[in-house]
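Everything on this sheet refers to the single structure shown next.
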Amino acid sequence: MRTLILVVVCLLTACVNNSGQTDAIKQAQAFYGSYLMALAGDDSAYPDSELREYVSSDTLARIAMIQSMPEQDLLTSDYFTYTQDYDPAWIQALRVDNARPFMGGWVVQVRLGIEEGKTLHVEAFMRHESGVWKIYRVRDLTDDYEHPIFNSGAIAIAKDGRGS
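The sequence shown lines up with residues -19 to -1, 1 to 145 when you count with mature numbering (1 follows the signal peptide of the UniProt record, and there is no 0).
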């Protein structure tokens, strides 16, 4: 009987984890699908209400704080795509798949179309917030770079106007 209970618990745990992984991938796919359309459009402003639906409140607050600094150089490109601009023709190359567990959340692999038929590989770190999976961190794997929005030292230097 104990063995049966243990097997049932293991199966339920596997189902819950798989569901979280699938939900995180779907949420990242939904975000990037709509975000790239806005970024590639004439009016590249993405509605704040939609950002709050897909992105962690802490991350949004950090981005807003950094962007309010005069002459900051912490965010030199778009935080979510690591690009300066986005061509509508590249949207069809979007691929979102394969999530791996990370600190109670998921890291979702995102491949963005860029110039010359190439792709830019980023990782979207997802965590559960307000009942849904939200992006809290994005890392550029292609160029092995991450915007330092969580680097307190870099932020302090930028606030003091000593950033380069």
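Cβ atoms here follow ideal geometry from the backbone N, Cα and C, with glycine treated the same way.
Quiz item: Hey, how far is the Cα of Y16 from the Cα of A74?
Solution: 14 Å
M84 - DSSP class collapsed to helix/strand/coil:
coil
What three-state label does DSSP hand M50 in the structure shown?
coil
| request: Please report the Cβ distance between residue 206 and T62, rounded to the nearest whole angstrom; I am assuming they are in contact, meaning their Cβ atoms lie under 8 Å. | output: A query on residue 206 cannot be resolved here, the shown segment of the chain reaching from -19 to 145 and no further.
- Item | Alpha-carbon to alpha-carbon, Y117 and D141 | 25 Å
Checklist entry - Just checking my contact of I130 with D78 at CB under 8 Å: how many whole Å lie between their CB atoms? => result Wrong, their Cβ atoms sit about 25 Å apart, outside the cutoff.
- [ ] Following the continuous alpha helix (DSSP H) through E34, name the residue where it begins and the one where it ends.
- [x] D29 to Y35
Sequence-distant residues of the same chain with beta carbon closer than 6 Å to M18, five excluded per side
none
Practice prompt. Could you tell me the boundaries of the beta strand (DSSP E) in which K115 lies?
Written response: V113 to D121
8 Å Cβ cutoff met for V105 and I72: Checking the sequence shown, residue 105 turns out to be Ala, not Val. Contact: no.
For this session: Just the C-alpha distance for V89 and E127, rounded to the nearest angstrom, thanks.
Result: Each residue's alpha carbon lies about 15 Å from the other.
- Query: Hey, is G142 close to the ligand NAP, as in C-beta under 7 Å from one of its heavy atoms?
  - Reply: Here there are no bound small molecules, and the ligand NAP is not part of this structure.
Helix, strand or coil: which one does DSSP assign to F12? helix
Legend entry - Burial state of T57, where buried means 16 or more other Cβ atoms lie within 10 Å: When all chains shown are included, T57 counts as exposed.
From this set, P82, Y67 and F83, which residue's C-alpha is nearest T100's C-alpha? Considering only alpha carbons, the answer is Y67.
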